[in-house]
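Peer 1: Counting in this note's numbering, the sequence shown runs from 1067 upward without gaps.
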Amino acid sequence: MTSGTIGIVGAGLSGAVIGRTLAEAGHRVEVFDARNHVGGNCHTERDPETGIMVHVYGPHIFHTDDAEVWDYVNRFQTFLPYKNRVKTTSNGQVYSLPVNLHTINQFFGTALRPDEARAFIEARTDQAITNPQTFEEQALRFVGQDLYRAFFEGYTQKQWGCSPTELPASILKRLPLRFNYDDNYFFHKHQGMPENGYTDMVERILDHANIVVRLETHFHRAESAGFAHIFYSGPLDGYFDHEFGRLGYRTLDFERFTYSGDYQGCAVMNYGDFAVPYTRITEHKHFSPWEEHAESVCYREFSRECGPGDTPYYPIRLVKEKEQLERYVVRARQESAVTFVGRLGTYRYLDMDLTIREALDTARLYLACRSQGSAMPAFAQPPV
Ligand code: UDP
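1) Considering only C-alpha positions, which residue in the set Asp1099, Ser1080, Ser1156 is nearest to Tyr1337?
2) Quick check on Lys1153: does DSSP put it in helix, strand or coil?
3) Beta carbon of Phe1293, beta carbon of Ile1072: below 8 Å?
4) Considering only their Cβ atoms, is the gap separating Met1335 from Phe1128 smaller than 8 Å?
5) Would you mind giving the Cβ-Cβ distance between Ile1296 and Ala1403, rounded to the nearest angstrom? I have them listed as a contact below 8 Å.
6) Flag this pair as yes or no: are the beta carbons of Cys1372 and Thr1348 separated by less than 8 Å?
7) Let me confirm a value: Thr1068 is counted as buried when at least 16 other C-beta atoms fall within 10 Å, else exposed. Which label applies?
8) Who pairs with Arg1280 in a beta bridge, going by DSSP?
9) Could you tell me how far apart the beta carbons of Arg1086 and His1286 are, in whole angstroms, since I believe they sit closer than 8 Å?
10) Thinking C-alpha only, which one of Leu1088, Gly1070, Gly1105 is nearest Gly1300?
11) In the DSSP assignment, the alpha helix (DSSP H) including Gln1225 goes from what residue to what residue?
12) Starting from Gln1159, trace the alpha helix (DSSP H) both ways and give me its first and last residue.
13) Flag this pair as yes or no: are the beta carbons of Phe1145 and Ile1271 separated by less than 8 Å?
14) Within its chain, find whatever has a CB closer than 6 Å to the CB of His1284; leave out the 5 residues flanking it on each side and keep chain order.
15) Apply the 10 Å Cβ neighbour rule to His1352 and answer buried if 16 or more other Cβ atoms are within range, or exposed otherwise.
16) Ignore the nearest five residues each way along the sequence and tell me which others in Phe1218's own chain have a CB closer than 6 Å to its CB.
17) At what residue ranges does the stretch 1077–1153 contain a whole run of the beta strand (DSSP E), taking only runs of 3 or more?
18) Considering only heavy atoms of the ligand UDP, does any lie closer than 7 Å to the CB of Thr1154?
19) Please classify Glu1269 as buried or exposed, where buried requires at least 16 neighbouring CB atoms within 10 angstroms.
20) What whole-angstrom Cβ distance do Leu1238 and Phe1201 have, given they're in contact under 8 Å?
21) Reducing DSSP to helix, strand and coil, say where Met1418 ends up.
22) With C-beta atoms as the reference, is Tyr1315 less than 8 Å away from Tyr1380?
23) Threshold first: 3 residues or longer. Then list the beta strand (DSSP E) segments lying entirely within the stretch 1348–1425, N to C.
24) Return yes when the Cβ of Tyr1413 is within less than 8 Å of the Cβ of Leu1281, no when it is not.
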């Protein structure tokens, strides 16, 4: 390491894309990650027993409308066609998600056409809610009581550990409601799965003569002084040794099991009932439909509050956490030569494509700041 070197903490998508962009612009880059692999939470590896590509930290499906981001990932990996078609089990029946015409007709025992279904659902929604603030209000306003109870209430309670009345409407806004038979979970123009997994893709992004990667290496902010700049994609509160308390996250536990044959016939089966303790089961071989495997590896996914030694997954961002976050943001802005990036660094629920978009923009902003002699901000994207 020399004083001109740029330090990057975290070898996930943010760190890798920033590192690559700066390396290609001629900078020397040193990347640190506490784990023994790159890729962050989109890490994939072949299961030693079955050879199946496993999404070790839960399902990751790449989807985007951003042409530059799509071209970017395709530079480092062949993306094979993959459509996310999620099913959900509720009260002993299997339905199609996101809620679409098939779900509606099956659930209500009807044979409605699109316009009829729209009117039918609208009659079941609460039109008095004009400006939905909470998850529950959003659900009651747009999908109505019955579908909400069957598919969202129990799942959300399990996933977030609190009532949907306490959660923001934005969480439900991630999911479409369709009055046709399109069962693609995502709207985006591009969707696919990396042929050799996300970790292989991230390894290739980091494979550059100007980049050194140090795995199983913890980074403490005391070391920042030795670098020209630090891009920090670890947890924001962790950087400051949790000075204002721990920002709340949900963590996940995965219960692995194997099966001879096809366990559930799809990659992701959600469980809407609160009485079923897990949120979903992932059958990994279905993420690589171009491969053939007689055996199967599945993960039952359980969500719980993230403790000090656990892996943080989903930032909670309720009122209490937002107040705490504001204090960390003020604190972060007092630091010089550190920029906080990504899901953990900015404490936001970020999809992979947005993470890459922001990483590209952040690295370019840094290059522009350097050439203009101006200071690089602590956040390229304000987290609050
Ligand atoms: N959700 C739900 N039921 C489902 C799927 C999702 O209630 O069957 C809610 C849940 O609160 C979840 C949110 O919608 O956190 C967003 O779902 P998404 O599938 O985007 O979650 P992710 O795959 O990112 O965990």
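C-beta atoms are modelled at their ideal positions from N, C-alpha and C, and glycine is treated no differently.
Peer 2: On the basis of the coordinates in this document:
1) Ser1156
2) strand
3) yes
4) no
5) 6 Å
6) no
7) For Thr1068, the predicted model reports a pLDDT of 46, less than 50, meaning its position is unreliable and no value from the coordinates is stated.
8) Phe1098
9) At roughly 25 Å, the Cβ-Cβ gap does not stay under 8 Å, so Arg1086 and His1286 are not in contact.
10) Gly1105
11) Going by DSSP, Gln1225 is part of the alpha helix (DSSP H) stretching over 1220–1226.
12) No alpha helix (DSSP H) holds Gln1159; the beta strand (DSSP E) holding it covers 1159–1162.
13) Contact flag unset, no.
14) Ala1100
15) buried
16) Counting only Cβ-Cβ distances below 6 Å, and skipping sequence neighbours, we find Ala1205.
17) Whole beta strand (DSSP E) segments, 3+ residues: 1095–1098, 1110–1112, 1119–1121, 1128–1130, 1145–1147.
18) Within the cutoff, so yes.
19) Buried.
20) The pair is a contact, with the Cβ atoms about 5 Å apart (cut-off 8 Å).
21) Look at Met1418 here: in three-state DSSP terms it is helix.
22) yes
23) Runs of beta strand (DSSP E) with 3 or more residues, each lying fully within the stretch 1348–1425, are found at 1361–1371, 1404–1406, listed in chain order.
24) no
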